[in-house]
Amino acid sequence: MTDQALDTDGARLSDGVAAESHFLGRTRELKELRADIERAGLDTLSGKKPPRARVLLIAGRPGSGRTALAEELVRQVAGDYADGVLRVRLGEPDGTPVPVERAARQLLTALGLTAPPGAGEDDLTEALRTALAGRRTLLLLDDAAGAEQVDALLPDAPDCLVVAVSAGPLTGIADVRPCTLGGLDTKSALDLLTHHTGSVRITVDPRAAESLVEACQGQPTALNLAGGWLAARPKAAVSDLAKRLHAEADEGTPLGRVFRFVYDQLPGTAARILRLLSLAPAGLADPHTASALAGCTVGAAHTTLDDLVALGLLRAVDSPLPQYEVPGCLHPLLCALAEIHDRPAELQLARARMLERTVRLLQSCRAITETDNPDAREKLQGLPRALRFPSPRAAAEWLSIRRPALLASARLAVADGELDTLARRLMSQLVRAMVAHVGTQAAAPDLYGIHGLVLDVAERRNLPRERAAALLNLGDLDARTGRTREALVRYRAALDAGREANDPYATGRAMESVGGTHQELGDHDRAADWFGRALAQRLARGERAEAARLYGRIATAHTYAGRYGEALRNWRAAASGHRKNGDVAAHARALSELARVQEYAGRPQESLHTCQEAVEWARRAEDVRLQAALQLRLADTLERLGDPAAARLHRGAAERMLGEEGQESCENEPEREHGADACEIRSASAED
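Here the sequence shown is numbered in the working numbering, starting from 2 and rising by one per residue.
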């Protein structure tokens, strides 16, 4: 019974069906808590309907079994809450409070609801309260740092119940009586030891067993560690362990004494791995994490992690992949040992090795999705076998399971307020892997957080180039998720930052993005103006390919505004630029658009001629779908010109082309466009 409970998704909604429980003791506390659920509150006594959910508080020091008690209470009463049980952890293993925004989003996700990716704390908590209104749900808020966290997540639903777990009182929340935990009673403590050692070693020397319980002061985690140590040493006497712990009774807490005793018995390699796990992001480790931290093989790390689980020093997570949790109550003890036994430079190197391993795994995770890319295949084959995934599905599963640890790795990479090369690479590869496997839209909430970390560091350290890149990425996310006006604000701020940094890439990209946002808002005059500013910069820098593309964007803005003369002039410039650059496919597309605008402008003969030219260039580019689309346009134009026979010939040619290409490919065309946009975002993210 470790003090902390783990959920790899951050929050979970269960249906109230409980698994077999191995909970021991706490009969009085459970009875009091269950009675407190039905207790009349102050609002009820005054004749008012309670406006919010009842809050039960389980308070105790780390290692007291507070989470185990909360879980047992939830198991016993879950059947009374028809809408299920929600769980979320509000504290990191190192004691850092989880932001309310993140916790609220996790709870909404567990409810199957999608919150706006860029929404702030107030919007998310309001959405959560709205979602829980009228429901009968049980919320377990584990490891709460204070009343502010709990209060922000309380449902305005009197039929809901909130069970909060904290180290102390929740001052500020009305009508909360804490259930404060001490040690287990002697019988329950002996039962817990028996669970580890078997009954014989306890019954053969009951006084020694009771003495051991006394030395541990009935603390569940201390008893677990003692029991795990005894289980690993069948010939060790319970009395010897009890005497050793009593001899050190004046040194620290019972948990600290038992932990140090167990730690001192570990082999050197295992002790070092355990210490270094204090660096594991979010307290989550897998064999790769331990291997990179300690500089050993993945197989050796896996064996050591399993040995540490047997001793109660780690907890194995129920997961398809091997994953382990560092109990939160042991985290400060591990940090203290690391400070004593490892030099700061060694800890920094171990952290760098771990983050570098994460970067390489993310590279492998993304590369396996790029089966058509020869460079990606070559890079993938160049990775060690231990870092390669057998299939895209396996890579996606790893990314999903390790997601909390990966996001924590991103936070760890910038925790010191720096944005070094390793941190940049980690952010970039994490963004690319997420987009490759789940798409920008689905990954948007996490992407906001990642780019927000970069922006925070850039603003605190006055790094204008990095600030510009982060704002561009956040603006792209706003644009992709329908927050167009928010995107415009970000892009303008990115332009200012790019100018401050004298970064032509950022300023050009920002100007073009401002233009694109104005176009999305229907302001085509401003869109053309901003595209023109970006074009002037590209021409000044001799970037001919980008200039040709921008001519096309200007032409599109003029077309929407009905200024066909300006549109035709710019499409001709775009087509000419693509031809000079040798981009056959882009030249064909520009001619296609030129023909379309000529038709809009009432010039069918010119449109017919341009369209025929575009067909030839599309054939050279081997773009069958563009050829088919142009053939259909030719058919429509010929019909309007009074030549139905020729129109039928072109329409038949288009149908044959589409038949050869396959209907499925045509239906997937929007997905290709979506992917192109995603690549643009990923490319931009590499700049930060």
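Idealized CB from N, CA, C, for every residue including glycine.
The structure presented is a predicted model; accordingly, all values stated were derived computationally and were not measured.
For residue j and residue i, the rounded distance between their alpha carbons
| i | j | result |
| --- | --- | --- |
| C667 | L650 | Unreliable positioning characterises C667 in this predicted model, as indicated by a pLDDT of 38, which lies under 50. The coordinate reading is nonetheless provided below. Approximately 21 angstroms between the Cα atoms of the pair. |
| H289 | A434 | 18 angstroms |
| V239 | P98 | 39 angstroms |
| L275 | N582 | 59 angstroms |
| A576 | L384 | 42 angstroms |
| Q218 | L185 | 8 angstroms |
| V310 | V89 | 24 angstroms |
| T359 | G253 | 36 angstroms |
| A511 | R626 | 32 angstroms |
| L431 | L407 | 8 angstroms |
| P375 | L171 | 58 angstroms |
| L631 | H579 | 19 angstroms |
| A317 | P323 | 8 angstroms |
| A134 | V151 | 17 angstroms |
| V101 | S167 | 16 angstroms |
| Q599 | T560 | 10 angstroms |
| P207 | P221 | 18 angstroms |
| Q349 | R53 | 47 angstroms |
| A146 | N474 | 32 angstroms |
| R258 | L246 | 7 angstroms |
| T304 | D373 | 37 angstroms |
| G96 | L25 | 27 angstroms |
| E379 | R361 | 14 angstroms |
| D319 | P391 | 22 angstroms |
| L142 | G66 | 15 angstroms |
| P605 | A648 | 14 angstroms |
| D530 | G516 | 7 angstroms |
| I402 | E30 | 35 angstroms |
| E467 | D421 | 11 angstroms |
DSSP-derived helix/strand/coil call for residue i
| i | result |
| --- | --- |
| C612 | helix |
| L427 | helix |
| L139 | strand |
| R394 | helix |
| S65 | coil |
| L175 | With the sequence shown as reference, residue 175 is identified as Ala, and Leu is not the correct amino acid for it. Correct three-state label for A175: coil. |
| A415 | Just to set this straight, residue 415 is Val in the shown sequence, not Ala. Note: V415 maps to coil in three-state DSSP. |
| R90 | strand |
| D81 | helix |
| P98 | strand |
| L642 | coil |
| L58 | strand |
| A556 | helix |
| T181 | strand |
| L464 | coil |
| L162 | strand |
| L454 | helix |
| A406 | helix |
| L31 | helix |
| A286 | strand |
| H438 | helix |
Whole-angstrom C-beta distance between residue j and residue i, which should lie under 8 angstroms
| i | j | result |
| --- | --- | --- |
| L454 | R412 | 6 angstroms |
| L306 | V263 | Their Cβ separation, rounded to whole angstroms, is 16 angstroms, which puts L306 and V263 out of contact at 8 angstroms. |
| L381 | R389 | 6 angstroms |
| L91 | A104 | 6 angstroms |
| G228 | L193 | 7 angstroms |
| T518 | T485 | 6 angstroms |
| T187 | E211 | 6 angstroms |
| L162 | R35 | No, L162 and R35 are not in contact; Cβ-Cβ is about 11 angstroms, not under 8 angstroms. |
| L231 | H197 | 6 angstroms |
Residue-level contact to chain C via CB, residue i, 7 angstroms cutoff
| i | result |
| --- | --- |
| E487 | The structure shown contains no chain C, having only a single protein chain. |
Contact test: residue i Cβ vs the ligand SAM heavy atom, cutoff 6 angstroms
| i | result |
| --- | --- |
| R545 | This structure lacks the ligand SAM, and indeed carries no ligand of any kind. |
Practice item. Could I get the ranges of all uninterrupted beta strand (DSSP E) runs contained in the region 315-372, with 3 residues as the minimum, in chain order? Key: Assignment of beta strand (DSSP E) within the region 315-372, counting only whole runs of 3 or more residues, yields no such run.
Practice item. Check whether the region 353-371 touches the region 278-292, taking contact to mean three or more Cβ pairs, one atom from each stretch, closer than 8 angstroms. Key: With a cut-off of 8 angstroms, the region 278-292 and the region 353-371 count as touching, because enough Cβ pairs lie within range.
Exercise for review: Take every Cβ of the region 165-181, pair it with every Cβ of the region 190-203, and state whether three or more of those distances are shorter than 8 angstroms.
Suggested key: The count of Cβ pairs closer than 8 angstroms, one atom from the region 165-181 and one from the region 190-203, stays below three, leaving the stretches out of contact.
Check your understanding: Does the region 111-121 come within contact of the region 475-485, defined as at least 3 CB pairs closer than 8 angstroms?
Key -> Taking a cut-off of 8 angstroms on C-beta distances, the region 111-121 touches the region 475-485, as three or more cross pairs fall below it.
Check your understanding: For the region 333-348 against the region 72-89, are there 3 or more C-beta pairs whose distance is under 8 angstroms?
Key -> No, because fewer than three Cβ pairs between the region 333-348 and the region 72-89 fall closer than 8 angstroms, the two stretches do not touch.
Review point. Touching or not, the region 541-549 and the region 560-570, by the rule of three or more beta carbon pairs under 8 angstroms?
Key: When Cβ pairs closer than 8 angstroms are counted between the two stretches, the region 541-549 is seen not to touch the region 560-570, the count staying below three.
Point to revise | In chain order, each beta strand (DSSP E) run of at least 3 residues that lies wholly inside the region 203-275 | key: For secondary structure counted as the beta strand (DSSP E) over 3 or more consecutive residues, the region 203-275 holds no complete run.
**Study point:** Those runs of the beta strand (DSSP E) which lie wholly inside the region 468-495 and span at least 3 residues
**Key:** The region 468-495 contains no whole beta strand (DSSP E) run of 3 or more residues.
Check your understanding: Which ranges does the alpha helix (DSSP H) cover as unbroken runs of at least 4 residues, wholly within the region 556-592, from first to last along the chain?
Key -> Every alpha helix (DSSP H) of 4 residues or more that sits fully in the region 556-592 is shown, in chain order, as 565-582.
**Study point:** Within the region 102-151, ranges of the beta strand (DSSP E) (whole runs, at least 3 residues)
**Key:** Correct list: 139-145.
Check your understanding: Would you say the region 607-617 touches the region 631-641, given that touching needs at least three Cβ pairs under 8 angstroms?
Key -> Under the 8 angstroms Cβ criterion, the region 607-617 counts as touching the region 631-641, having at least three qualifying pairs.
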